[in-house]
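Report on one structure; see the data block that follows.
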Amino acid sequence: MEPPKNSKCPLCKKPSVFEYRPFCSKRCADVDLAHWLRGDYTIEGDEEKQEGDNTKEE
Ligand SMILES: [Zn+2]
Numbered sequence: 001m002e003p004p005k006n007s008k009c010p011l012c013k014k015p016s017v018f019e020y021r022p023f024c025s026k027r028c029a030d031v032d033l034a035h036w037l038r039g040d041y042t043i044e045g046d047e048e049k050q051e052g053d054n055t056k057e058e
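Residues 1 to 58 (my numbering) are what the sequence shown spells out, left to right.
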């Protein structure tokens, strides 16, 4: 599967560069990684666990 050709950097919305996709540069990739390492991002559903599976609605 190929990613969309015109994907944009999730941080600054510039066109992403193949080498650093989905980011536009190593800088943005590093920034994003730093956020992850610091725990700035909360994984959805991780904080409040509900019983039962989150079944996909079709
Ligand atoms: Zn960027």
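Think of the CB as a built atom: it goes at the ideal place given N, C-alpha and C, for glycine as much as any other residue.
Note that this is a predicted model, so its numbers are computed, not measured.
What are the start and end residues of the alpha helix (DSSP H) that includes residue 31?
26 to 38 is the span of the alpha helix (DSSP H), which, as asked, contains residue 31.
Residues bridged to residue 8 by DSSP?
Bridge partners of residue 8: 15.
Can you find the residues in the same chain that come closer than 8 Å, C-beta to C-beta, to residue 31, ignoring five residues on each side of it along the sequence?
Once the five neighbours on either side are set aside, the close Cβ partners of residue 31 are 11.
With distances taken from each beta carbon to the nearest heavy atom of ligand 1, which residues come in below 6 Å, in chain order?
Residues lining ligand 1 by the Cβ criterion, that is a Cβ closer than 6 Å to any of its heavy atoms, are 9, 11, 12, 14, 23, 24, 25, 28 in chain order.
Buried or exposed, going by whether 16 or more other CB atoms sit within 10 Å of the CB of residue 18?
Its Cβ having fewer than 16 others within 10 Å, residue 18 is exposed.
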